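Participant: Numbering of the sequence shown is given in this note's numbering, commencing with residue 3 and proceeding in unit increments. For every residue, glycine included, the Cβ atom is placed at its ideal position computed from N, Cα and C. If you're wondering where the values come from, they're calculated on a predicted model, not measured in any experiment. I am attaching a structure below and will ask some questions about it afterwards.
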Amino acid sequence: MKIHLVCAARPNFMKIAPLYHALQKESWAKPVLVHTGQHYDVNMSDAFFRDLELPPPDIHLEVGSGSHAQQTGNVMIAYEKALLDNKPDLVIVVGDVNSTMAVTLTASKLGIKVAHLEAGLRSFDRTMPEETNRIVTDVLADILWTPSPDADENLDREGIGQDRIRFVGNIMIDSLELLKEKIEKQATYKKLGLIKRGFGVVTLHRPANVDDAETLNRICRKLITISNRIPLVFPIHPRTRANLEQFDFLSSLQAAKGVMTSEPMGYIAFMNLVFNSLLVITDSGGIQEETSYLGISCLTIRPNTERPITTTRGTNQLCGVKDLEKKAYEIMSTGNSRPEKIQYWDGKTASRIVTHLKSLRSSNRLPR
Ligand code: UD1
Numbered sequence: 003m004k005i006h007l008v009c010a011a012r013p014n015f016m017k018i019a020p021l022y023h024a025l026q027k028e029s030w031a032k033p034v035l036v037h038t039g040q041h042y043d044v045n046m047s048d049a050f051f052r053d054l055e056l057p058p059p060d061i062h063l064e065v066g067s068g069s070h071a072q073q074t075g076n077v078m079i080a081y082e083k084a085l086l087d088n089k090p091d092l093v094i095v096v097g098d099v100n101s102t103m104a105v106t107l108t109a110s111k112l113g114i115k116v117a118h119l120e121a122g123l124r125s126f127d128r129t130m131p132e133e134t135n136r137i138v139t140d141v142l143a144d145i146l147w148t149p150s151p152d153a154d155e156n157l158d159r160e161g162i163g164q165d166r167i168r169f170v171g172n173i174m175i176d177s178l179e180l181l182k183e184k185i186e187k188q189a190t191y192k193k194l195g196l197i198k199r200g201f202g203v204v205t206l207h208r209p210a211n212v213d214d215a216e217t218l219n220r221i222c223r224k225l226i227t228i229s230n231r232i233p234l235v236f237p238i239h240p241r242t243r244a245n246l247e248q249f250d251f252l253s254s255l256q257a258a259k260g261v262m263t264s265e266p267m268g269y270i271a272f273m274n275l276v277f278n279s280l281l282v283i284t285d286s287g288g289i290q291e292e293t294s295y296l297g298i299s300c301l302t303i304r305p306n307t308e309r310p311i312t313t314t315r316g317t318n319q320l321c322g323v324k325d326l327e328k329k330a331y332e333i334m335s336t337g338n339s340r341p342e343k344i345q346y347w348d349g350k351t352a353s354r355i356v357t358h359l360k361s362l363r364s365s366n367r368l369p370r
């Protein structure tokens with residue numbers, strides 16, 4: 003059974019890798035790695051292939067950046083050709099980036115079965131491009147693998163039949179567990195002269211936070227103030243760096259003694275920072291989950307999250323820019339809380355997916 007595993011952008015690689023490795027071990031499966039090229043810088047893509055022990059993609063669409071319509075359209079045009087040439091039996095997409103939706107639309111129109119891994123998440127905020135991508139992908143996909151019970155409830159409310167939905171757990175935790183030893187050995191934080199639980203990690207890239215000069219400036223000023231009390235490591239996403247340069251804020255951030263800026267880091271180096279930090283300030287989706295699993299306090303600069311379980315069972319707090327200092331200082335005085343166990347966030351999601359695929363084959367719901 004020929005299975006396309008599609009990845010596109012940085013948060014996709016750690017979702018694809020565990021499944022690729024698991025399918026490689028199955029005699030009935032032929033996994034084919036497809037990279038749309040949405041992210042293309044070495045430190046946004048190649049570094050993750052290396053860290054996650056993935057071979058180079060079998061198919062590379064090289065679509066690059068563009069407006070939403072351009073990026074979506076370019077993926078569709080390029081992927082349609084690849085599908086007609088390569089004819090997979092199943093296409094697996096992950097997450098919620100533009101390529102996820104574009105690939106799903108293309109395969110679905112050609113009558114090729116699609117499975118969505120990390121289905122059912124909803125922020126209920128249509129101003130986020132990812133929310134559109136999630137809704138369209140879930141409406142069209144034949145198989146919906148969910149990470150948490152709230153995702154099942156969302157799909158159910160949208161009228162999606164139970165027969166398409168399977169709760170499999172959080173695949174990102176598989177990558178984290180697979181590479182735990184290497185992450186612990188890496189010691190990125192020591193090389194930066196930092197002390198365990200004595201620093202914070204910052205990531206920012208959401209358009210709502212980084213595309214508007216005033217908002218980005220407010221966030222930067224808060225970060226600089228917090229960094230007077232606790233050092234902050236800030237690997238800067240290319241979108242954010244471009245805006246910091248354009249708005250002329252990068253130099254003041256770099257001049258702040260407590261802020262250590264860097265290029266985006268690979269998975270292992272970055273996770274070593276998260277493992278050893280006291281707190282994380284972010285607007286990422288995946289980092290809310292990783293910190294919850296690890297029991298590291300996380301402040302998410304967003305008004306909502308598609309991952310509510312991280313706020314009810316994990317260590318994540320949604321936080322307006324105004325409250326950033328206050329909440330950071332609270333964490334500094336109380337320390338990290340013990341994480342609760344979340345069902346199926348256990349490093350075994352890839353193996354549950356393989357079992358599900360086998361059962362779908364034996365009941366003839368997938369080609370043999
Ligand atoms: C995309 C996803 C977002 C995900 C994020 C993770 C969509 C709509 N957004 O946002 O859901 O959380 O990836 O990082 O799919 N750029 C580079 N080099 C790269 C990639 C991007 O320089 O390798 C720059 C380009 O100027 C590009 C900009 O970053 O225009 C934004 O990239 P894009 O993929 O459009 O969106 P992200 O902000 O990365």
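1) Quick one, which of 119, 334 and 49 has its alpha-carbon nearest residue 199's?
2) Measuring only from the beta carbon, is residue 316 closer than 7 Å to any heavy atom that is part of ligand 1?
3) Helix, strand or coil, according to DSSP, for residue 32 in the structure here?
4) Three Cβ pairs or more, each shorter than 8 Å: is that satisfied between the stretch 228 to 237 and the stretch 330 to 350?
5) When you compare only the Cα positions, how much space is there between residue 135 and residue 103?
6) State yes or no: is the C-beta of residue 35 within less than 8 Å of the C-beta of residue 53?
7) How would you write the range of the alpha helix (DSSP H) that residue 78 sits in, first residue to last?
8) Answer yes or no: do residue 202 and residue 93 have a C-beta to C-beta separation smaller than 8 Å?
9) Do you know offhand how far residue 263's Cα is from residue 91's?
10) Identify which residue in 172, 138 and 124 has its Cα closest to the Cα of residue 105.
11) To which residues of the same chain is residue 356 closer than 7 Å at the C-beta, ignoring the five residues directly before and after it?
12) Residue 278: which of 163, 20 and 185 sits nearest, CA to CA?
13) Counting only the same chain and skipping the five closest in sequence on each side, list residues whose C-beta sits under 7 Å from that of residue 174.
14) Whole angstroms is fine: what's the gap from residue 228's alpha carbon to residue 85's?
15) So residue 318 packs on residue 312, CB below 8 Å; how close in whole Å?
16) In three-state DSSP terms, what is residue 259?
17) For residue 140 versus residue 133, is the C-beta distance shorter than 8 Å?
18) Would you say residue 73 touches ligand 1, meaning its beta carbon is less than 7 Å from a heavy atom?
19) When you compare only the Cα positions, how much space is there between residue 210 and residue 58?
20) With C-beta atoms as the reference, is residue 304 less than 8 Å away from residue 326?
21) Please classify residue 12 as buried or exposed, where buried requires at least 16 other C-beta atoms within 10 Å of its C-beta.
22) Would the C-beta of residue 6 count as close to ligand 1, meaning under 7 Å from any of its heavy atoms?
23) To the nearest whole angstrom, what separates the beta carbons of residue 323 and residue 220, a pair I think is in contact under 8 Å?
24) Taking only heavy atoms of ligand 1 into account, decide whether any of them is closer than 7 Å to the Cβ of residue 99.
Facilitator: So, from the listed chains and residues:
1) Your numbering for residue 199 matches position 197 in the sequence shown. When only C-alpha atoms are compared, the closest one is 334.
2) Position 314 of the sequence shown, counted from the first residue, corresponds to residue 316. No, the beta carbon of residue 316 sits no closer than 7 Å to any heavy atom of ligand 1.
3) To locate residue 32, count along the sequence shown from 1; it is residue 30. Strand at residue 32.
4) yes
5) As a first step, residue 135 is located in the sequence shown; it is residue number 133 there, counting from the start. As a first step, residue 103 is located in the sequence shown; it is residue number 101 there, counting from the start. Their Cα atoms are separated by approximately 5 Å.
6) The residue labelled residue 35 in the question sits at position 33 within the sequence shown. The residue labelled residue 53 in the question sits at position 51 within the sequence shown. No, they are not a contact pair.
7) What you label residue 78 is simply residue 76 of the sequence shown in a count that begins at 1. Where residue 78 is concerned, the enclosing alpha helix (DSSP H) stretches over 70 to 88.
8) In the sequence shown, the residue the question calls residue 202 occupies position 200. In the sequence shown, the residue the question calls residue 93 occupies position 91. Their beta carbons are not under 8 Å apart, which means residue 202 does not touch residue 93 by this criterion.
9) What you label residue 263 is simply residue 261 of the sequence shown in a count that begins at 1. What you label residue 91 is simply residue 89 of the sequence shown in a count that begins at 1. Computed Cα separation, rounded: 44 Å.
10) On the sequence shown, position 103 is the one that residue 105 refers to. With distances taken between Cα atoms, residue 105 lies closest to 138.
11) Here residue 356 corresponds to residue number 354 of the sequence shown, with the count starting at 1. These residues qualify, in order along the chain: 24, 25 and 28.
12) Here residue 278 is taken as the residue at index 276 of the sequence shown, counted from 1. That would be 185, whose Cα lies nearest to the Cα of residue 278.
13) Counting from 1 along the sequence shown, the entry for residue 174 is found at position 172. For residue 174, where only same-chain residues beyond five positions count, the Cβ hits under 7 Å are 16, 17, 288, 291 and 292.
14) Here residue 228 is taken as the residue at index 226 of the sequence shown, counted from 1. Here residue 85 is taken as the residue at index 83 of the sequence shown, counted from 1. Spanning the two alpha carbons is a distance of roughly 50 Å.
15) Translated into positions along the sequence shown, residue 318 becomes position 316. Translated into positions along the sequence shown, residue 312 becomes position 310. Right, their Cβ atoms sit about 4 Å apart.
16) In the sequence shown, residue 259 corresponds to position 257, counting from 1. Coil at residue 259, not helix or strand.
17) Taking the sequence shown and counting its residues from 1, the one referred to as residue 140 is at position 138. Taking the sequence shown and counting its residues from 1, the one referred to as residue 133 is at position 131. Their beta carbons are not under 8 Å apart, which means residue 140 does not touch residue 133 by this criterion.
18) Stepping through the sequence shown from its first residue, residue 73 is reached at position 71. Yes, ligand 1 has a heavy atom inside 7 Å of this Cβ.
19) The count along the sequence shown starts at 1 and reaches residue 210 at position 208. The count along the sequence shown starts at 1 and reaches residue 58 at position 56. The straight-line gap from Cα to Cα measures roughly 33 Å.
20) Position 302 of the sequence shown, counting from 1, holds the residue named residue 304. Position 324 of the sequence shown, counting from 1, holds the residue named residue 326. Contact flag unset, no.
21) On the sequence shown, residue 12 is found 10 positions in, with the first residue counted as 1. Counting Cβ neighbours within 10 Å, residue 12 comes out buried, since at least 16 surround it.
22) Counted from its first residue, the sequence shown places residue 6 at position 4. Incorrect: residue 6 has no Cβ contact closer than 7 Å to ligand 1.
23) Looking up residue 323 in the sequence shown gives position 321. Looking up residue 220 in the sequence shown gives position 218. Between residue 220 and residue 323 the Cβ distance is about 5 Å, and since that is below 8 Å, they are a contact.
24) Reading the sequence shown from its first residue, position 97 is the one you call residue 99. For ligand 1, at least one heavy atom lies less than 7 Å from the Cβ of residue 99.
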